[in-house]
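Trainee:
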Amino acid sequence: MTLRVNCTYGHTAALGSMSRDFPPGMVAAVAGPNGCGKSTLLATIAGEIAPVEGEVTVDGTPTRAGTTGTLLIAEPVFLPDLTVGEHLDLLRVNRDEVVEAWALHNLLQAPQWVLSSGQRQRAYLGMQLALEAPIMLIDEPERHLDEQWTDFLIFQLHEAAARGISIVVATHSARVISGCDEVVRLGER
């Protein structure tokens, strides 16, 4: 994936101009203070926000929302009346693999509203990472995870990258940043 853009959000130049390649097999962190444009960058890469100038291309084709196989993973989203197990079935992912890896055994019959924020985040990340999109854009995946699960998340990101997936993670976490192959810093003078 090649990124050559000038991004804005609303009336604010969130990123300015940048040029970057995120090749398959790489886990890249996008780091910087609040409001520097990390989420705007992910939305631009996903094709949800059009750049003011320049373009984002995947295999030479400009991105548009829903056309590139890009998966943007942000705040956990669950259907309110479904259990964790029903969500796994709905997504048609390898249920046993996700349950085992993310320790969801005791949560399968639970609706999302009874889960702690950490359990909800684990279930959501396990489901989303199992979807195997060629490009995964993940906004602050470490939120609500303790150190053990943050380390496991980093391991899972590298496992996905080893299968040829391009991964870009927006984060504030020094732990996540240190586990990435490359770091793009935004908002620094």
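Residue numbers (our numbering): 396 to 584. All C-beta atoms in this analysis are idealised placements derived from N, C-alpha and C, irrespective of residue type, glycine included.
I'd like the ranges of any alpha helix (DSSP H) spanning at least 4 consecutive residues and lying wholly in the region 439-523.
Mentor: Taken in chain order, the whole alpha helix (DSSP H) runs of length 4 or more contained in the region 439-523 are 479-486 and 490-496.
Trainee: Measuring CB atoms only, is the region 508-524 touching the region 445-461, in the sense that at least three cross pairs come out at less than 8 Å?
Mentor: no
Trainee: In this structure, does DSSP put residue 560 in helix, strand or coil?
Mentor: Reduced to three states, the DSSP call for residue 560 is coil.
Trainee: Going by alpha carbons, who is nearest to residue 555 out of 547, 527, 470 and 438?
Mentor: 527
Trainee: Report the residue from 566, 571 and 482 whose alpha carbon sits nearest the alpha carbon of residue 435.
Mentor: 566
Trainee: Are the CB atoms of residue 576 and residue 421 within a distance shorter than 8 Å?
Mentor: Remark: C-beta atoms of residue 421 and residue 576 approach each other more closely than 8 Å.
Trainee: If you reduce the DSSP assignment to three classes, tell me which class residue 532 lands in.
Mentor: strand
Trainee: Taking DSSP's pairing of strands, which residues face residue 546 in a bridge?
Mentor: Residue 546 is not bridged to any residue.
Trainee: Since residue 466 and residue 437 should fall inside the 8 Å C-beta cutoff, what is the C-beta to C-beta distance between them, to a whole number of angstroms?
Mentor: With 8 Å as the limit, residue 466 and residue 437 do not qualify as a contact, their Cβ atoms being about 11 Å apart.
Trainee: What residue range is occupied by the uninterrupted alpha helix (DSSP H) comprising residue 570?
Mentor: Taken as a continuous stretch (DSSP letters only), the alpha helix (DSSP H) holding residue 570 covers 569-573.
Trainee: Compute the distance between the beta-carbons of residue 518 and residue 532, then report whether it is under 8 Å.
Mentor: Result no, Cβ atoms of residue 518 and residue 532 do not sit closer than 8 Å.
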